[in-house]
Amino acid sequence: MAEGIARAAIERNYSEGPVSVEVASAGIAGLDGEDPTSEAVRAMEERGIDIGECEAQTVSRSLTAESDLVMVMEERQKAHVSALAGSAVVPVFLLLKLAEAVQVVLKAEDLGLDQVGPLESLESVVSVATVMERNDSWELPLHQYEVADPMGMPLEWYMRAADIMEVAIGDILRCLLGPFA
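All letters in the sequence shown, in the order written, are residues 359 to 539 by the working numbering.
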């Protein structure tokens, strides 16, 4: 669902710009080739997003190494991806923690993020998130930064997860790529 939300937001709001952003989704459960659940498809259809053709893939060392940033939903996923990355320097953050770091960066207007490109903005966000992580200066307890996996739950759980992800992903994209069109 997160990939669908991000792709749709980029297509709707940044398709005319010179910026190229690649988005991919992968899990740790090893369900390669599986279709999304009917509940996930319905939750995305409610937003006008079609994920029916998406197929699950398992996160791998090579996929991680090719990434500028990895966002995960749960702390156990972060630990798994970080272990996979090994010595590769790939920032891995909980989606909701990164969204909080984005808010800190956006409040610091003197950074001039409107004058730099997405990679420079990403560096600023990652730097702030890294300091917040190191100093444990997050506003909320850890469990409130996790987006619970709705797998096997009713549609309402998928809708709730999508609502949470949509806000966080939108904030992150606006910080990295500029205001929505």
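Here a beta-carbon is modelled for each residue, glycine too, at the ideal position from N, C-alpha and C.
Taking just the CA atoms, how far does Pro394 sit from Ala414?
The straight-line gap from Cα to Cα measures roughly 7 angstroms.
Determine contact between the stretch 418-435 and the stretch 388-407, defined as no fewer than three beta-carbon pairs at a distance below 8 angstroms.
Too few Cβ pairs lie closer than 8 angstroms, so no.
Count the other CB atoms within 10 Å of the CB of Val430; is the residue buried (16 or more) or exposed (fewer)?
Burial of Val430 is indicated by the presence of at least 16 other C-beta atoms within 10 angstroms of its C-beta.
Assuming Ile527 contacts Ala364 (C-beta within less than 8 angstroms), just tell me the rounded distance between them.
That belief holds up - the Cβ atoms of Ile527 and Ala364 are roughly 5 angstroms apart, short of 8 angstroms.
If we require 3 or more residues per run, which beta strand (DSSP E) segments fall completely within the stretch 447-500?
Counting only runs of 3 or more, we get 450-452.
Quick one, are the C-beta atoms of Val483 and Val460 less than 8 angstroms apart?
Note that the C-beta distance between Val483 and Val460 is below 8 angstroms.
My understanding is that Leu480 touches Asp426, with C-beta atoms under 8 angstroms, so please give their C-beta distance in whole angstroms.
Leu480 to Asp426, Cβ: 6 angstroms. Contact.
Beta-carbon spacing of Met523, Ala360 below 8 angstroms
Yes.
What are the boundary residues of the alpha helix (DSSP H) that includes Val525?
Unbroken alpha helix (DSSP H) run through Val525: Leu513 to Leu535.
Should Ala487 and Phe451 be called a contact, given that it needs their Cβ atoms to be closer than 8 angstroms?
A contact, by the Cβ cut-off of 8 angstroms.
Could you tell me if Glu424 is buried or exposed, where buried requires 16 or more neighbouring beta carbons within 10 angstroms of its beta carbon?
Taking all protein chains shown into account, Glu424 has fewer than 16 neighbouring C-beta atoms within 10 Å of its C-beta and is therefore exposed.
Going by beta carbon distance, what residues of the same chain come within less than 8 angstroms of Met490, once the five residues before and after it are set aside?
Result list for Met490: Lys455, Glu458, Ala459, Val462 and Trp496, in chain order.
Rounded to whole angstroms, how far is the Cβ of Ala367 from the Cβ of Leu531, which I believe are closer than 8 angstroms?
Between Ala367 and Leu531 the beta-carbon gap is near 6 angstroms, inside 8 angstroms, which marks them as a contact.
If we count the other Cβ atoms within 10 Å of its Cβ and call it buried at 16 or more, is Pro476 buried or exposed?
Label assigned to Pro476: buried.
At 4 residues or longer, what runs of the alpha helix (DSSP H) sit wholly inside the stretch 370-431?
Uninterrupted alpha helix (DSSP H) stretches at least 4 residues long and entirely within the stretch 370-431 occur at 396-403 and 419-423, given in chain order.
Identity of the residue in Leu453, Gln435, Ser373 and Ala520 nearest Ile386 by Cα
With distances taken between CA atoms, Ile386 lies nearest to Gln435 out of Leu453, Gln435, Ser373 and Ala520.
For Asp521 and Ala446, what's the separation of their Cα atoms in angstroms?
Spanning the two alpha carbons is a distance of roughly 32 angstroms.
Since Ala441 is in the alpha helix (DSSP H), which residue starts that stretch and which ends it?
Its alpha helix (DSSP H) spans residues Glu433 to Ala443.
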